[in-house]
Every structure is written in C-alpha cells, then in structure tokens.
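Q: To start, I am sharing the structure in question, which I have written as structure tokens.
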Amino acid sequence: MKYFTRLRVRRVYTWRGKPLRFNRKLKTFEYGSLSISVDGLPRTTIINAGQHILIEGEDEDNPYVAKVVRLFGDESGKQKKAVVQWFARVSEVPPSKLKLLGREPHPQEIFYYQGRSCDDEVNAESILRPVQVKHLDGAAPFPDSDDKDTLFVKLSWDSKTFKLVESAVVESASEPTPASSPPPFPKPSLPPSPPRSPPAAAPASRGPSRRALPTPDPSIMHRASSGDVRYRRATMSAGKASAAEAESLHSTSKLSASKCLSAKRRCSSASTPGVRKKLQLNSPEKMTREDLVDHLLDEDLESVMLAQRLSSSPPQAHSLTPLSKSHRAPVPPLTHRLVPLAHRLTPFRKTLGDPAGEDHLKPSDSPPSSAREDSTRAATPSRKKEAKTPREPALAALAEVDNENSPMLPHALTPRSSKRKSAQLVSSRIRKQLNLLDNHRLSDSDGEEEDEFVPSKKELQSSSEEEEEEEEEEEEEGLDSDEETVGKRSRRNAAGSLTPRSKRKTHVSNRTPRKTPNKKITPGTPRTPRHATPSIPSRSLPARCPGNVLEEARARLHVSSVPESLPCREQEFQDIYSFVESKISDGTGGCMYISGVPGTGKTATVHEVMRCLQHAAEVDEIPPFHFIEINGMKMTDPHQAYVQILQKLTGQKATADHAAALLERRFSNPAPRKETTVLLVDELDLLWTRKQNVMYNLFDWPTRRHARLVVLTIANTMDLPERIMINRVASRLGLTRMSFQPYSFKQLQQIIMSRLNKVKAFEQDALQLVSRKVAALSGDARRCLDICRRATEICELSAAALVGMSHVMEALNEMFSSAYITAIKCASVQEQLFLRAVITEFRRLGLEEATFQQVFVQHQALCRVEGLQPVGVSEGLAVCQRLGACRLLLLEPSRLGVLQRVRLNASQDDVLYALKAD
Amino acid sequence: MPAQGMYGLWSMIKKGEYTENCNKAKHSSIMSKRKVQDAHLPVGECITEVQKMLRERLCHQRLPDKPEGVEAQHRHLLELLKRTAIHGESNSVLIVGPRGAGKTMLLRCVLRDLLEDKEAQTSLLQVHLNGLLQTDDRIALKEITRQLHLENVVGDKVFGSFAENLGFLLEALKKGDRSSSRPVLFILDEFDLFAHHKNQTLLYNLLDVSQSAQAPICVVGITCRLDVLELLEKRVKSRFSHRQIHLLSSATLAQYVERVQTQLSVPDDFPDTKFAQEWNDSIKVLCEDKSVEEVLQRHYNSSRDYRSMHMLLMLCLSRVSVAKPAIKPADLLEASRLCFADAKANMLHGLSILELCLIIAMKHLNDLYEGEPFNLQMIHNEFKKFLQRKSNSMYNFEQPVIMKAFEHLQQLELIRPVDGSSAKTQREYQLMRLMLDHSQIMDALQKYPQCPTEVKQWAMSAFG
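Those protein sequences? They're chains A and B, same order as listed. By the count of the numbering used here, the first sequence reaches residue 918 at its end, each step adding exactly one. By the count of the numbering used here, the second sequence reaches residue 1464 at its end, each step adding exactly one.
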C-alpha cells in the first residue's frame, strides 16, 4: 500500500532524426530513435529500436522490461508509440508456474515473453529508460558480480511453459548497433556549452526515477540506516549540520541488530576493488558537471559516513573528517593505503587533494571553486521543487561502499578541501529545507507511512531472510559493476548512461527513510490499529452439525448455503457467461446492466458465472482475469467506490480523489500484460451522485482501448438508466441489459427441491403452497426459503416427522399476516373505543383527519354509551399516544396537545373488522 | 418523537442500572438467607425488605423467573438464539409489541436462560445498540466495533473514518465462517430508528451478513411500530427473514388481577416467613376487595401493559409504612386517583382569578367562533363585556396587567400561538389557540378554591 504523493516529473519525448519510413495506410512515421528529456533539464536519454527498455508499470520497483521493435508516431507528432517485445520478470510469472522452472529463479532473471493476450504496442511516453539485458546459455550460471540493472535471459515464457531461447533474439540489441543508434557519439545529447548550469542535473536524474525504478538495493538501505546513531554524532562533531538527521530519526529507533551486523559485515568484506577502479579510471575525463554535483554530494556524505562508522569511539570523530577528505587524493596507491591507515593520513588531504582536484576540474571548463559552489547552491531550488525525500543517507551509503570497495576515487579529484566547509554547509541547509518540505508535503501520508510495509517480492526475498545476505552483497557488487558499465558507456552515450545510475541512487534514497523501519516489522507484532486484521474471534467448540432431517433441511434451506448449481437461471447464466467470456478472451471491455427485484438471484448468478470462469482460467481455457466486487450499500459514500476498487485491484490505500486518479491512469494507459478485470458493481443506484461522475467513470473506463475492463452492474429497477442517469452516462452503459424476472412458483419449487437435494423433509403439497404463495406475492427466493425454514421449526415443535400443510400455513400466517388486526384485537377497551371514536368522527366530518379534541368528544360520548366512566383529557391523550406509538394512528407531534391531528394508519374497514370481531 | 425520546431515555436509564442492581439483589439475597434462622425480624426491617424487593421488581431491575403470558414467544426466541449460538446459524428476528408489553424483558429472560448453557455462554458475543443512542451509522459502527473488541479498538476508543470502520467490520464478518467463528448477537433496540439512517447501510449490511455464509450473526430488532417492515427499503426487506415475534397481550381482567397479585406477593424465601405469610394474605384480601376490583377494571380498560400497572403499584407500595404494614384498598384508590389525575386541570388550580377569567373568556370565544383562533384584544373585549354586565370594578385591571397574565398563560402552554404568526404581529394581535378542553376548564372551576360565584356563573352561562 503506497501513497503516491510524490510529484510526477514531466518528461518530454521527441523523435530524433528524420522518419525512416512512412506507412501510408496507417499514416504513421517510423523513427529510428526517441529522445527523452525532462522538463527544463539538459540531459536526454536516447531510445533506439532494438534496445532494451524499462516500461512504466503498476509496480514502481519493477518496471516492465521489453525490447523496442519499432518506434512510430502519427503525422502530428502527438502520438508516439512503440512496438515492443516483452520480457517477463520473475515476479510477473505466477508463483504456481514458477515451479516449472525447477530451480530458484535469479532475482535479475527475466523471461522472453511469448504469451498471448499481451498488447505489444505501448505508448512511448511510458518508456522510462534503457536497460541492459544479457542472454545466458541455459546451463551457464548467473554471473556473480553483476549489477542490478543488468537482467539476464535464459528462457522464454509463454504463460504455460519455459523454453530455451535463442541468444540472437535477445542479444541483438544489448549493445546498440551503430545502425540503430544514429548518434555514434553520445555527446550530442549533453549540454554543449560549458557555462550551462549544472544544477539541473540532479532533478534530471531524479525525476523519472519517481515513476518507475528498479528495486532499491536493500543492503544499501541497511547500511544507510545502520549507521544512523553514530552518524548523527559524527555529523555534529564534524560540524556538518543534521542533513539526514530528521529522516534518520525514523529509522534509528527501529533498527534491528541484524541490520547493523550485516552492514558491518559487508563493510569489512570489501570486494571487487578492480571493478570500481576501472570505472573511476575511465570516467574522469568525461565527467559532466552533473556528475560533479552528484559526486560532491556523495563525497560529503561519504566522509561523514566513514567518520560515523569509525567513530564508534567518539573522540576520533574530529580527526576522521579530514581523513575521509584525504581519500580524494588523486594518487591511487596512496589512497589505497589510506584505508587501512585511516587516521594517520590526515595531512595527505591537504597536500594532495587540492592541486590535483583543481587540475582535474579544468577539463570540464569551469573555474574550480566557483563552479562547485554554483553547482551545489544551484541545486537547491530544483531540488526543492523535485525531490521528495532527501537522498543523503542512501547516497552516503553508496558512497561509503565506494570508499570501501575501491580505494581510488577518481572523481574525488575535484578540489574539495578549500571550499569544502561552505559547500557542506550549503548542502546541509538544502537538506534541511528538503526535509521540511518533504514533511510538509507528506504530512498527509505520514500517518500511513507504515502502510508501506509490503515490500515487493524481491525485497522480501533479499531483505527478510538473513541467509541471503550474500546475495545482497552480490547485488551491491552488481551495483558497482553497473557503475562501471555505466561509466564505460558514458563515454559514448553520456545521457543515456547517466540517467539510470543516478536514478537508482535517488530512488534508493527516496525510499530509505520510509522502508527501512518497516521492513523488519513482522506482521505478528502489535501494531497500530490501522494494521489490525479484521476478524471475529473464533469459538472454542466448533459449531454443532445438524442432527436430524429437519435440522439438515433447515441448514440446506438457509439462504447462505451455496447450492451446487443455480437452477432456473440457466439462460441468464449462459448470457452473462458468454458476455464476460468473450470480453476476456478478446481482451476488450464492456458494460452490462442487470436488473431484477430483490431475491431473484442476480448476484448469485454473477458469482456463479465468475466461479465457472475462474475455473476455466485455471485450466487455461481462457486468459486469466481479475474479479473484483463492490457494493453500493457497503460503502459510506459513492466516491468510496474508487477507494474500494483500487484496494481490491492493487492493495493500495488512497483517498477517493487520489484513487480515482490512479484508476483513471491505470485504465487509460496501455499497461503491458494487463489482465482483464471483471468488476461487479452491486446496488448501482447507490452510486448516484449529483454529477454522476462515479457512474460515468465506471462506464467510461471499459470504453478505453487499453482498459480491458468488464463492468457488470446490478440494481433493482429495470429502467434505472433512463430514470436516474444523465444521457452521457446512460449512453456509455450501453444496451447490454438483462432483467431477472421474479421466480414463478414452479421455479421456486425447483429451487427448494434442488436445495433440499433428496432430504425428505417436506410434503409435496406444502412445498407447492409455499412456492405459489411467494410467487404470487413477490417471487423472492429468499422469502420462500425463509418460510420453509420457519415451517421446519414449527414442525419440529409439533413433533411431526414431515413438514405438512398446516405447518406451512402457520409459517405463512406468521410472516405475511398484518399485525394490525391482532394488535387492535389485543388493545385495551379504551384504545378500542378511541379507534371507534376516530372512525365516527371521520364519518361525521367526511374527512380522514380530525383533531384530538374532536375525537375526544366522540370518545367520551362512546364511553357513556358503553357505560364506562368517562376518561379525562390526560388519560385520553395517553391512549392516543399509545396507539400512535404502534402506528395504528398517525399523530402530529405531541407538543400540540389536544390540538394535534389524528389519522388512521390502517384502512377503516380493517379497523371496523377488528373491532367487531370481539 | 419527544415523548418517545423521553420515554426511551428513561427506560434506558432504568435498564442500564439493571446489572448493578442485580448484583445488589444477589448480595442481599445471600444476606437474607443467612438470616433465615432468626425467623422474626422487627416489622420495620420487614417493611424495608419488602419495599426493596418489590421496587426492584416494579422498576424492571429484576427479571421475573418466568415471563408471564409469553411462553410461546419465549420458546421461539430461545430456540432461535440457541441455534445461532450453538449451531452457528445466522438469523434475523424482530420483536414487535406496544410500549410496556415486555419486549426487552422477554429478550433479557431469553438471554439469561440461553447463557445458562455453558457452550452458548463461552461462544456468544453480544452487541447492544439503541436507536436513540446510535443516531447514525457512523456512531453505530463505532459502538459495534467497540463492543466486539475488534482489533482496531485501542482501549475504549475506536479510530478510523466511517468508511474504514465499515470496511473493517465487513471484512471481519466476511472472514468468519459458520463453524469456526464465534456467533455475534446484534440487539437493536428501537429498531425503527435504525431504518431512518441514511441508505439503511447498517441494516443492509447486518441483514446481508445474516443471509450469507459469513460469520454467524443473529440480528434481533426490538420495536413498538407495527409497520416497521414498511420502513425497510425493498432490498433490505428482502434480506430480512421476516421472522416477527409479536407481543400482544390479550389478558382478561381476571388474569390482570392475578398479575397484580403476583407482582405484589413476596416469595417464599423471604427472611421472615411469618411476615411474608401475612403480607401475601393481605395482598390476596386486597385483590378480592370490590372497590379494588373496580379500580383495577378501570386500569385494565385503559391499558393492559406492565408499565402502567407497575406505576400504579409503585404508588401503592410507597404508602406502606411501619404503622400500616399492608396495602389497603384506600391506598390503591388514592394511587389510582393520582394516576388518572388530569395534568392540565391541576395547573388551572394554580392560576390567579384574572388568568382564570381570561381562560373563561377564551372558552366563550371558542364556543362563539367554533375553535377559530383569537387574540388578546378579543379576549380583553370579552372580559370587558363580563365586567360591564356585573358593573363591578373588582376585576377592573389595567391593560399591562392583563398582558402580563396573558403571557403567563402562554408560558404555561395553556395557550399557544398559531403557527407562523408569532414573529410579525404585535403581541396584542397575535392569534392564539386554547390548549384546553371545556371539560378540563369546568372541572378546574369546580375545584378551584374560593372561586367567585359570578365567575363560575359566567363560565357556565352559554353566552359570554
């Protein structure tokens, strides 16, 4: 359950180059590549045909993977589409089918998707960024040290079986061929002129990440949180104001020891320094300004983190800060040694760090000190705008890893020492503000933060189990190597490669403060009531089973007992079944309106249809689908419908407005591999609002091309669409309507018979009487069953073996006879007299209404006639009020006293009949 | 409505005290058992004991061992609740009967008998709601959640929005099933008021659960409205099982008198057996008395419910003292007189002569104009006519004085302004109606202390 309160970043998609060809029939232009840039930011990402890409999906952490086959757009350039070949992630394969794999799937494994029912055309605007996909031989082991952004294909998946896949199919685009990537040199997308402001870089990289990001590396989060306590102390002592303090506050208290432990373990096991080195060795020349900003920040924190880690003995903290700075020494061997000899090397920083840094910065054409300052400072506004959660701790963690793993940090060549203090101050101030902003913006969702404790499968796998610590390390290493590959590529395609890396970082940081505290909380621990599991306590003894035939019959006749089949609704069943089935197998959407008086089996039939369809889906006769159900009566407000649909669809909680927006997005965007959703809306009339927007949306979504939504609506009145819906709603509902007729007596009889299922408890005549009576009155099957049940009770009392006519008659009388006549018969003498007086007065006046005063005169007269002592006004009023409380009389409010008007609530004939009967 | 509201609150207050007093009663009965050995207590103690015992009975704080006259209904309801508690069968039922017919008493007796069963006692959960307290579904849902101790209850507080609470409760009920969940008994007092909630959401959902394979629940509604089913929306109505238990007493006079006797008799385990014997004998004699029978006949004619009878007996009981350790027929007559006393006529006795004169003037105006409303000016004119005829300055009052008297009458609600005319017009010309019947005025005049004869004559004369 997530609250999507983070801002979405607007990305701009533009075609690159001239159209390759033009399709006359469809009037579409085909293009070779697409560039994605974020509003107001210089960096762009290039997507070429044949490249593997990530596509925005429902799960932010696991965007869909696909290969671009073709890119095309219409003449106006407004619509941009991509034809893709899908890959399925492990999490997208149903767990039951994963067993077919015969081994544990690798977390980064993906499958070449060959299944049907998958739209291969996506909106180009859902493309996030390119991704690396490598083909592996079936037998080959998964590489150990791969980063998270490289995915592996071994097998194909066609929704039933796994097959080996040809490497050609996959690999063709894993390295963009010159033909498909028009710009052979990646620089063009980079800011061409040096003085362009770098600050925009940070958001540029962060922006898209919000939409869809790879799973955050749990180890990083561990690390980030593990050091919090010490971190703070260290930060303070190092004179760096509480950058991550606010957010670390959440996590500190909830840190588990195991996390600290694992973090430490990982720290000590520094691995693959080479990889890291390579990256950093080849990146510096091509370092862009954006990178510098990132790195500057990294380093800030990196030093802090280091300090913090080493500062378990507080006194050292001061001396440690310079130490970390010394890492920036440009001479690789030196830094190498620096790690073990941490505190003795302080001087190196001053001697080595500065000049080399200055040198290094020159290639990027900016005055050494001012540029840096600029960059940090300038980053402020854009961050305020964009960032939600400061990314510092995670960055720090990341940086820390860097520190450990690779002693040499090429970007550390930036001249740090001179302006360091001020830069840090600035950045910490930024962070503080960001924290504030963030808190402010998230104030809504803060309370629900803990709702987010459902991590994606991958996270669960890697984070909840301690044994998989190694895997985490692998991932972490993979991360580094990702850096490496990115770095490599950045020479050629800076824009493309930079984005994913920084994205990942920011993403991690985005999540860190929210996820870390939650991850280790087991569901069993006492929580806030929000997370309480709704349940009725269970009883100690199991409920007794029916003992005799009558009890058995009664149990079977209860409305709740689900019959094996629904008799008498075969035609309706067939109609609904074929309607829904066709929509599911076509992958289209549609609406159906079902009407009928209560108790005619509407909901039961739809449920039956769904059971059958679900069974069919299980045996793969039709594609799998989602069935969700809402009921207008089971919500407090029509707009809650959105909330309930969203929750049932995705498990997310959101406010009504937000849920509506999310659903709107879900149903209008082409989401790959989307299952058809069948939505049952019961008691539709309750969803009526003045503007009817709930109904409108419900019926509008199915008409969207990518929605794949089938809406079945149920209400009582046949002409509901005409009566309460405005035209645009009624029109969208369409004409697929079905009306459930009230059951005839034969059908009712059949229903009872089928329910009883050979349990001999009723006489045939008795059944017929019940069904005829009910069919004549309402045709409500519930009534019929209730009467039968009551009849069995009466039968039990009279100790008869079989329910006969007399029992049924008694039950019918109990349930259907109006109580008015009995009530009048049982009323006291004065009450009866008063009723008589009312009728006399009505006759005298010729009206059906009289004041109490008028009736009272009659009453007293009648008393005298009957030889009774006349009643007083108070007593008369009391009599009148008693009759009014039973609703034999309808009265005005009693404060009117003798002036209140009196009316009869039963017909005069009934009253007279009851009065005479004595 | 206000009458119902007042009544409901009062009865609830009494019912609420029930448990507390029950404990006390238990306590006292233990105490009294200990005293069985020394059979003779001072009369004063005996009287106190009797009064205490009977008051508990008459104030509905102690359940009768067996409900009288409703055995069939008792059995029906008990069977039904048993099936829910033991078999996990979902049900819904309405108990309908006029006020004071013993609906709640019946339910409480049934529950008491049901909970004697260990199995039922351990499994059954109870939720008590009252339409006068839970005036909308939001409050009702919170109360249900609180009484069920669902997991979103912290201490005694229920958090979360209305929608969340509803969702939570429905989810909880949905998760349960017939055989493993504890059955829940929902008792909805003043059931008809729940039908006025928006969309009848609560009723729909409760009844829907009772008609589907979810946690076993039994919905028991208590109402005095005979037309309660017509209040339910058709889909809510369809989900209701249409089981109704009517409590319509058709006791004869003999049964009524017998009921009075049993209500006043003390049980055999009374500490002082001799006193108990004497007391019961005296009650028997009382009930056979001719005048007493007449009084009871009149009460029987007026209403047959328990509540009015208890009111009468309560008044009798309070007249018992050490000096007069038995209820005499005179006590009953006096109590009856108090019960039937006319409230408005009593108020007239407290009026001044001027106010009384104004009332009489109004009566004449009413006769003259056949119930049309009148204003102060008309009354004053009528009054002046009377004064002129008598040519007697004794009642010659200034206009402001008359005005004051008039206002006083209005405050006493003996007259009330015609709806809608109160705001605009001057007070002298505001149209008014008399809230009294002629018989009330004449009665009051008869009993008014030292009423001047001319005023009396004026009142009785046909013309003003």
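By construction, the Cβ of each residue, glycine as well, lies at the ideal position given by its N, Cα and C atoms.
How is the alpha helix (DSSP H) around Leu-1295 of chain B delimited, first residue to last?
A: It should be pointed out that residue 1295 of chain B corresponds to Val in this sequence rather than to Leu. Residues 1290-1302.
Q: Pair every Cβ in the segment 548-560 of chain A with every Cβ in the segment 1197-1212 of chain B, then say whether three or more of these pairs are closer than 8 Å.
A: yes
Q: Starting from the Cα of Cys-1316 of chain B, find the closest Cα among B:Tyr-1306, B:Arg-1307, B:Pro-1329 and give me that residue.
A: B:Pro-1329
Q: Check whether chain B comes within 8 Å of Thr-533 of chain A, counting only Cβ atoms and requiring the distance to be less than that.
A: Contact of Thr-533 of chain A with chain B is assigned, a C-beta pair being separated by under 8 Å.
Q: Secondary structure at Gln-741 of chain A, three-state DSSP: helix, strand or coil?
A: Residue state, collapsed to three classes: coil.
Q: Pair every Cβ in the segment 614-628 of chain A with every Cβ in the segment 767-780 of chain A, then say whether three or more of these pairs are closer than 8 Å.
A: no
Q: Pro-721 of chain A: buried (16+ other C-beta within 10 angstroms of its C-beta) or exposed?
A: Here Pro-721 of chain A is buried: its Cβ has 16 or more other Cβ atoms, across all protein chains shown, within 10 Å.
Q: So the alpha helix (DSSP H) Tyr-1369 of chain B belongs to, where does it begin and stop?
A: Counting along the chain, Tyr-1369 of chain B sits inside the alpha helix (DSSP H) bounded by residues 1353-1369.
Q: Answer yes or no: do Cys-1224 of chain B and Gly-1097 of chain B have a C-beta to C-beta separation smaller than 8 Å?
A: yes
Q: Is any non-hydrogen atom of the ligand NAD found closer than 7 Å to the C-beta of His-639 of chain A, if you look at the structure I gave you?
A: Ligands in the displayed structure: none, and consequently the ligand NAD is not present.
Q: Give the interface partners of Ile-1086 of chain B over in chain A, defined as CB-CB distance under 9 Å, in chain order.
A: Leu-541, Ala-543, Arg-544
Q: Okay, do the segment 1113-1126 of chain B and the segment 1178-1190 of chain B touch, 3+ Cβ pairs below 8 Å being the bar?
A: yes
Q: Under 8 Å Cβ-Cβ, which residues of chain B neighbour Phe-856 of chain A?
A: Asp-1437
Q: Can you confirm whether Ile-839 of chain A, when its beta carbon is compared against all beta carbons of chain B, has any partner nearer than 8 Å?
A: no
Q: Can you tell me the Cα-Cα spacing of Asp-1305 of chain B and Gly-876 of chain A, whole angstroms?
A: 16 Å
Q: According to DSSP, is Asn-631 of chain A part of a helix, a strand, or is it coil?
A: DSSP places Asn-631 of chain A in strand when its eight states are reduced to three.
Q: Suppose the cutoff is 7 Å on Cβ atoms and the five residues either side in sequence are ignored; what does the same chain contact list for Tyr-642 of chain A look like?
A: Ala-656, Ala-659, Ala-660, Leu-663
Q: Quick one: which unbroken beta strand (DSSP E) runs of 3-plus residues sit fully inside the segment 16-88 of chain A? Chain order, please.
A: 21-23, 28-31, 33-38, 44-48, 52-55, 64-74
Q: Taking DSSP as the reference, what is the three-state secondary structure of Gly-447 of chain A?
A: Caution is warranted here: a pLDDT of 39 is assigned to Gly-447 of chain A, below 50, making its placement in the model unreliable, and no coordinate value can be reported.
Q: Spell out whether any CB of chain B is found under 8 Å from the CB atom of Gly-590 of chain A.
A: Residue-level contact by beta carbon fails for Gly-590 of chain A and chain B, as no gap is shorter than 8 Å.
Q: Mind checking Ala-914 of chain A: buried by the 16 CB within 10 Å criterion, or exposed?
A: Buried, because 16 or more other Cβ atoms sit within 10 Å of the Cβ of Ala-914 of chain A.
Q: Is there at least one Cβ from chain B nearer than 8 Å to Ser-313 of chain A's Cβ?
A: With a pLDDT of only 41 at Ser-313 of chain A, under 50, the local geometry of the prediction cannot be trusted, and the value read off the model is given with reservation. No, because no Cβ of chain B sits closer than 8 Å to the Cβ of Ser-313 of chain A.
Q: With the cut-off set at 8 Å, would you say Thr-636 of chain A and Thr-1201 of chain B are in Cβ contact?
A: yes
Q: Which residues of the segment 627-642 of chain A have a Cβ closer than 9 Å to any Cβ of chain B? Give them in chain order.
A: Asn-631, Gly-632, Met-633, Lys-634, Met-635, Thr-636, Asp-637, Gln-640
Q: With a threshold of 8 Å between beta carbons, is Ala-850 of chain A in contact with chain B?
A: So no, Ala-850 of chain A is outside the interface.
Q: Determine the DSSP secondary structure at Val-857 of chain A, reduced to helix, strand or coil.
A: helix
Q: Do Val-1220 of chain B and Val-1093 of chain B count as a contact pair if the criterion is CB distance below 8 Å?
A: yes
Q: Taking the Cβ atom as the reference point for each residue, do Gln-747 of chain A and Cys-568 of chain A lie within a distance shorter than 8 Å?
A: yes
Q: Less than 8 Å between CB atoms is the rule here; does Val-1110 of chain B satisfy it with respect to chain A?
A: no
Q: Starting from Lys-1157 of chain B, follow its DSSP beta bridges and name the residues at the other end.
A: B:Val-1154
Q: In chain A, which residues lie with their C-beta within 8 Å of the C-beta of Thr-1224 of chain B?
A: The sequence shown places Cys at residue 1224 of chain B, not Thr. By Cβ distance, chain A contributes Ala-885, Cys-886.
Q: When DSSP labels each residue in this structure, what does Tyr-1448 of chain B get in the three-state scheme?
A: In this structure, Tyr-1448 of chain B counts as coil in the three-state DSSP scheme.
Q: Does Arg-1337 of chain B get closer than 8 Å to chain A when you measure Cβ to Cβ?
A: no
Q: Would you give the residue range spanned by the alpha helix (DSSP H) that Tyr-820 of chain A belongs to?
A: 819-826
Q: How is Gly-596 of chain A classed by DSSP in three states: helix, strand or coil?
A: strand
Q: Does chain A have any CB closer than 8 Å to the CB of Ser-1291 of chain B?
A: no
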